[in-house]
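Mind the numbering: the sequence shown is residues 1 to 79 in the UniProt record's numbering, read in order.
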Amino acid sequence: MLLGNLWGRCHPGRCALFLVLAILLDAVGLVLLLLGILASLSYWDFLVYTGALILAFSLLLWIIWYSCNIEVSPEKLDL
């Protein structure tokens with residue numbers, strides 16, 4: 001039960017709001033990007049550029065979420 005043990009210990013971390021927002025923006029950006037690429041619409045460029053910008057903004061949220069979950073031991077904080 002190695003996988004069951006790994007999944008049992010997974011948690012979103014201290015900043016779950018940033019995680020949820022990043023996942024939501026990833027989904028919206030990917031849908032807009034693929035819709036702009038695959039659908040034959042007259043405003044396809046707007047969808048492609050908007051999807052790419054949303055994906056770039058979600059990358060910032062991923063970086064914030066990861067940075068907030070870094071743990072430093074107290075021994076390393078003593079200078």
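For each residue, glycine too, the CB sits at the ideal point set by N, CA and C.
- Three or more beta-carbon pairs separated by less than 8 Å are not found between the stretch 32–47 and the stretch 57–73, which leaves the two stretches without contact.
- The alpha carbon of Asp-45 has as its nearest neighbour, out of Leu-33, Ile-54 and Leu-55, the alpha carbon of Leu-33.
- DSSP, reduced to helix, strand and coil, places Ile-64 within a helical segment of the structure shown.
- Non-local beta-carbon contacts of Val-28 in its own chain, meaning distances under 7 Å to residues more than five positions away in sequence, involve Ile-54 in chain order.
- Annotated three-state conformation of Val-72 is coil, per DSSP.
- Just so you know, the alpha carbons of Gly-51 and Leu-25 end up roughly 9 Å apart.
- Following the DSSP letters along the chain, one finds Leu-19 inside the alpha helix (DSSP H) bounded by residues 16–38.
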